[in-house]
Amino acid sequence: MDVFQSIILGIVQGLTEFLPVSSSGHLALLEAMFGFTDVPVFYDVMLHIGTLAAVCVLLWPEIVGLLTHPVRNRLGMLIIATIPAVIVTLVCEHLFPEAFEGILNGKYLAYGFFGTSIVLVLGDFVEPKRQLRRVGLRQAAVMGCMQALAIMPGLSRSGSTIAGGLLSGVRREAAARYAFLMSIPTILGGLVFSVGDVAENGLGDVSVPAIVFGTVAAAVCGYFAIRFMLKLIADHHLWGFAIYTAALGAFVLIQSTMLGNPAFASLNPFA
1128 MDVFQSIILG
1138 IVQGLTEFLP
1148 VSSSGHLALL
1158 EAMFGFTDVP
1168 VFYDVMLHIG
1178 TLAAVCVLLW
1188 PEIVGLLTHP
1198 VRNRLGMLII
1208 ATIPAVIVTL
1218 VCEHLFPEAF
1228 EGILNGKYLA
1238 YGFFGTSIVL
1248 VLGDFVEPKR
1258 QLRRVGLRQA
1268 AVMGCMQALA
1278 IMPGLSRSGS
1288 TIAGGLLSGV
1298 RREAAARYAF
1308 LMSIPTILGG
1318 LVFSVGDVAE
1328 NGLGDVSVPA
1338 IVFGTVAAAV
1348 CGYFAIRFML
1358 KLIADHHLWG
1368 FAIYTAALGA
1378 FVLIQSTMLG
1388 NPAFASLNPF
1398 A
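Position one of the sequence shown corresponds to residue 1128 (the working numbering), numbered consecutively onward.
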């Protein structure tokens, strides 16, 4: 992987991490198209670190509030929202390693994109009339469970958590902000889990400059993606993203099965 390709992946990661279209799905798709068969775990985590930096810059006041005003128990809600994803990841990794590996490699990528379309439509259509300004225990639990489902590439983490917030009665912008805050412990957890892989496999064929430029690109694009999403969701529905992910799912399915495109062979759900 050269620096230019890394920058492209960083741009895609930054834009799609916070738009409800699945960053992991887009990265898996691009890696297949570029012919990257063994992208180091550490590289993917560093791209997420770039988007973490964007969250910290834009939502810094809220992050400080979580740490300095524990009486509101918002930090506890964030921890509760993270627990389901941790449990699902550990269970899948240890009890179903082959299935988990297949999911992470994008084998069911098309189905993940279709799943994103479904949760986005549900979030828009089943949104309760009574809307809450803040996330409570029930809302945090629902958003956490939705985030746990998004370990599958193609199933958007931000889209799933935002939809979970809408379904549980949280106002649209508040749901988006909380979904972005939920990415912080998730990304930090991924960094911790990658330590063992780095110790065993190193950086692979990705150079340090490629990692640095890719991470910076992810941070810059993530910053603008968050600002765009917070403005968009307040007054607009998510149908456009649902149509896009459905079309992308159909594209992947056709390329990997009907057309037998070798570049998409690793994404074939029937292989």
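Yeah, the Cβ is synthetic: ideal placement off N, Cα and C, and Gly gets one too. Computed from a predicted model, the values in this text were never measured in an experiment.
query, result
"CB-CB under 6 Å to GLY1239, same chain, minus the five flanking residues each way: which ones, in chain order?", "GLY1152, MET1279, PRO1280, GLY1281 and LEU1282"
"For LEU1193, which residues of its own chain have a beta-carbon under 7 Å away from its beta-carbon, when the five flanking residues on both sides are left out?", "ARG1201, LEU1202 and LEU1205"
"Quick check for students: name the residue ranges of the alpha helix (DSSP H) that lie wholly in the region 1295-1363, counting only runs of 4 or more.", "1299-1328 and 1335-1362"
"Is it right to say THR1372 is buried, meaning 16 or more other beta carbons lie within 10 angstroms of its own, or is it exposed?", "buried"
"Using alpha carbons as the reference points, say which of LEU1247, VAL1333 and GLY1250 lies closest to PHE1131.", "VAL1333"
"Pop quiz: GLN1266 and THR1288 are said to be a contact at Cβ under 8 Å. What is the actual Cβ separation, rounded to whole angstroms?", "Contact flag wrong, Cβ pair sits at about 11 Å."
"From CYS1183 to GLU1189, what does the alpha carbon distance come to, in whole angstroms?", "9 Å"
"GLY1141 and GLY1349 - do their beta-carbons sit closer together than 8 Å?", "yes"
"Within 10 angstroms of the Cβ of VAL1319, are there 16 or more other Cβ atoms? Answer buried if so, exposed if not.", "exposed"
"On the three-state DSSP scale, how would you describe ALA1277?", "coil"
"Could you work out which residue in LEU1236, ILE1135 and TRP1187 is closest to PHE1391 when comparing CA atoms only?", "LEU1236"
"Using only the alpha-carbon positions, how far apart do PHE1081 and ASP1129 sit?", "In this structure the chain extends from 1128 to 1398, so residue 1081 is not present and cannot be described."
"Alpha carbon to alpha carbon, how far is ALA1159 from SER1149?", "16 Å"
"State yes or no: is the C-beta of ALA1306 within less than 8 Å of the C-beta of GLY1177?", "no"
"Leaving out the 5 sequence neighbours to the left and right, which residues in its chain are closer than 6 Å to LEU1179 when beta-carbon positions are compared?", "ILE1314"
"On the DSSP letters alone, give me the boundaries of the alpha helix (DSSP H) that TYR1371 sits inside.", "1366-1380"
"Just how far apart, CA to CA, sit ASN1388 and LEU1154?", "18 Å"
"Can you give me the C-alpha to C-alpha distance between LEU1186 and ILE1210, rounded to a whole angstrom?", "22 Å"
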